[in-house]
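Student:
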Amino acid sequence: MVAYPAMRDAMKHSPKQMPEVGIRPKRVLSPSEQKSLATTTAAAAIINDETAKWENKTARLKALRLAKEAEEQAELASRPPSAPKTKAKMTRTVKAK
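In full-length UniProt numbering, the protein residues as written are 1 to 97.
#1: Can you give me the C-alpha to C-alpha distance between residue 69 and residue 95, rounded to a whole angstrom?
#2: Pick helix, strand or coil for residue 35, following the three-state DSSP scheme.
#3: Rounded to a whole number of angstroms, what is the C-alpha to C-alpha distance between residue 66 and residue 89?
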C-alpha cells in the first residue's frame, strides 16, 4: 500500500482537534430530553420530601411511644406489688332427675 504525502498529512490531527484526555465535550440535550430531565428532577424532589416527612413522623411517634412506655414502667415500679388474684373455686352441683 502506498501512502500519499497529502493523505498522510490529512490524517494527522493537530493538537487543537484532539480533545484533552479525560475531558469530554458537553452534550446538548434536545427539548424532549430537557423536559424529561426536569420532570425526573421534580419527581425526585417530591419523593425525597415525602420520604423526609415520613421519617420525621416515624421518629416523632417512636419517641412518644418510648416516653409513654417509660412512664408506664415508672408508674408500675412506684406501686407496691399487689397480692396475686385468685379465683374463687366453684363446685358444680348435680341436679337429680
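We treat Cβ as the ideally placed atom computed from N, Cα and C, and that holds for glycine.
This structure is a prediction, so every number in the text was calculated from the model and none was measured.
Tutor: A quick look at the data gives this:
#1: 51 Å
#2: helix
#3: 40 Å
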